[in-house]
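Enquirer: Numbering (the working numbering), first residue to last: 264 to 659.
Even glycine gets a Cβ: it sits at the ideal position worked out from N, Cα and C.
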Amino acid sequence: MTSEWQKPRSDMRPDTLLGHAGRSPERFDGAVNVPVIRASTVLFPDVDAHENGDKFDGVRYGRHGTTTRFALEEALAQVEGAARVSAVSSGLAAIAVSLLAFTRTSDHILVADNVYGPTRSFCMSRLQRNGVEVEYYDPGMGAEIARLIRANTRLVFCESPGSLTFEMQDIPAISAAAHARGVPVLADNTWATPYFFRPFEKGIDVSIHSATKYIVGHADVIMGTIGATEEHWRTIRQTAADYGYTASPDDCYLALRGLRTLAPRLRQQMQNALQVARWLQQRPEVARVLYPALESDPGYALWKRDMSGAASLFGVELRPASVTAVKAALNSLRYFGHGASWGGFESLVTFPKPERVRTATEWRSGPLLRLHVGLEDPADLISDLASAFEVLKASP
Ligand SMILES: *Cc1c(COP(=O)(O)O)cnc(C)c1O
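In structure tokens:
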């Protein structure tokens, strides 16, 4: 059964779809945007109408979503090619729900060694406490992942490129190996966005996004989304419902507004990021730039084959320098803010330490930075970085 929001899939190209999917002006006095509909209680004409019906299909109680949330979910499903999308309160909640939906005591799961830190913390604290064995694998593995799959392996979790270190994964090869053993593949696709990557065409069964990043795009909402195939969406949505996870109508409105401008923001931010990244590559202070969209990156071939664009988030390994000098340089930046998250309109910098958490692979590098390039003029960002390198050189 399809909800009233699930209109027939159209032949619209992605940019057109981003502008039109999930809208229904005829229902809202012609208003272009679906309004914020706040409701806990939803009234029905009689007892039977209240008691009968599918809580996941149509508006029945605020926790399962009002029209604002259904509209966002339908728009995202159309853009990404999911059978159904579920919006929840954060990207981390989307990851937790997805992992919980597939696992119970005595199960085994495979998780890429370079996943987002809090994903790993969730596995260590909650899943292992539940008796789930979590094995981390080398993200460079493709079809060879087959030899890690056991009779009790319930899922393979990917993140490509991985947080902080940006290694690309061979998703089609991993999916083929997992599917051959009946194992579903989950992926955190926050970096690639629903616009630059079509996960379901590459073999992913469950596609997770921190919508907090580019989908919302303005650094003002925390939200996560889970897209799934026809086979899996109901399990996921039921798990989210079991834990009481939801997403507020106000936040869904902002996410939907962000989604409308996703394509031009991403294209511009990618262009800005490439300009900054190429400039950094020429600098004597830089050992390498970790960005799959650069021809010199080891993940370039996979990126080019599987994705149609790149996020404006990448790593920069500096040549050996003291922590004091790196911090002094970062503290001198005018346009790169110090703070968590990314995907907004503004540039950010962090100083991560990936070598501390890995277990399946070793990570060795000089000082590592993570840059998020925003919509500022890249010439200003470059001169900001150039001044910071002067501070770096002058510091002990
Ligand atoms: C930020 C982030 C998350 C978590 O998202 P929140 O909305 O902050 O909970 C998950 N995965 C990746 C790759 C992220 O960057």
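Between Asp647 and ligand 1, is the CB less than 6 Å from at least one heavy atom?
Expert: No.
Enquirer: Which of the three DSSP states, helix, strand or coil, is assigned to Tyr508?
Expert: Annotated three-state conformation of Tyr508 is coil, per DSSP.
Enquirer: Under the assumption that Trp626 contacts Pro615 (Cβ atoms under 8 Å), give the Cβ distance between them as a whole number of angstroms.
Expert: Contact flag wrong, Cβ pair sits at about 10 Å.
Enquirer: Hey, is the region 470-485 in contact with the region 294-308, meaning 3+ C-beta pairs nearer than 8 Å?
Expert: no
Enquirer: Could you tell me whether any non-hydrogen atom of ligand 1 is closer than 6 Å to the CB of Leu717?
Expert: The requested residue 717 is not part of the displayed model; the chain covers only 264 to 659.
Enquirer: Kindly examine ligand 1 and report whether one of its heavy atoms sits closer than 6 Å to the Cβ of Tyr399.
Expert: Every heavy atom of ligand 1 is 6 Å or more from the Cβ of Tyr399, so no.
Enquirer: Starting from Ala357 and walking both ways along the alpha helix (DSSP H), at which residues does that stretch end?
Expert: Gly354 to Phe365
Enquirer: Just confirm the distance between the C-beta atoms of Ile471 and Asn452, as a whole number of angstroms; I'd bet it's less than 8 Å.
Expert: 7 Å
Enquirer: Going by the C-beta, is Leu537 closer than 6 Å to any heavy atom of ligand 1?
Expert: no
Enquirer: Assuming the contact rule is C-beta atoms closer than 8 Å, Leu418 and Val446 should be a hit. Round their C-beta distance to whole Å, please.
Expert: 6 Å
Enquirer: How big is the Cα-Cα spacing for Asp376 and Leu335?
Expert: 32 Å
Enquirer: Alpha carbons only, please: which of Gly293, Arg276, Arg621 and Ile645 is nearest the one belonging to Ser426?
Expert: Arg621
Enquirer: Between Glu639, Thr502, Gly507 and Pro561, which has its C-alpha nearest Ser575's C-alpha?
Expert: Glu639
Enquirer: Report yes if the CB atom of Ile489 is closer than 7 Å to the CB atom of Ser361, and no otherwise.
Expert: yes
Enquirer: Please determine if the region 495-508 and the region 335-347 are in contact, where contact requires at least 3 C-beta pairs separated by less than 8 Å.
Expert: Flag = yes, the region 495-508 and the region 335-347 touch.
Enquirer: Helix, strand or coil: which one does DSSP assign to Val348?
Expert: strand
Enquirer: For Gly282, I'd like the list of residues in its chain whose CB is within less than 7 Å of its CB, leaving aside the five on either flank, ordered along the chain.
Expert: The answer, listed in chain order, is Arg523.
Enquirer: Enumerate, from N- to C-terminal direction, the unbroken alpha helix (DSSP H) stretches of 4 or more residues contained entirely within the region 447-526.
Expert: 456-459, 496-506 and 512-523
Enquirer: How should Asn535 be labelled, buried or exposed, when 16 other C-beta atoms within 10 angstroms of its C-beta is the threshold for buried?
Expert: Its Cβ being crowded by 16 or more others within 10 Å, Asn535 is buried.
Enquirer: How is the alpha helix (DSSP H) around Arg546 delimited, first residue to last?
Expert: Neither: Arg546 is in no alpha helix (DSSP H) and is coded neither H nor E.
Enquirer: Could you have a look at Ala302 and say whether DSSP puts it in helix, strand or coil?
Expert: Ala302: coil per DSSP, three-state reduction.
Enquirer: What is the rounded straight-line gap between the Cα of Asp278 and the Cα of Ser646?
Expert: 33 Å
Enquirer: Whole-angstrom Cβ separation of Ala550 and Leu581, contact assumed at under 8 Å?
Expert: Contact between Ala550 and Leu581 holds, with the beta-carbon distance rounding to 6 Å and staying under 8 Å.
Enquirer: Taking the CB atoms as reference points, tell me whether Phe459 and Ser571 lie closer together than 7 Å.
Expert: yes
Enquirer: In whole angstroms, give me the CA-to-CA distance for Ala450 and Ala440.
Expert: 15 Å
Enquirer: Whose C-beta lies closer than 6 Å to the C-beta of Asp513 among residues of the same chain, with five residues either side of it excluded?
Expert: Val299
Enquirer: Does the region 537-556 touch the region 648-657, meaning 3 or more C-beta pairs lie closer than 8 Å?
Expert: yes
Enquirer: Determine, using beta carbons only, whether Tyr379 and Ala623 come nearer to each other than 7 Å.
Expert: no
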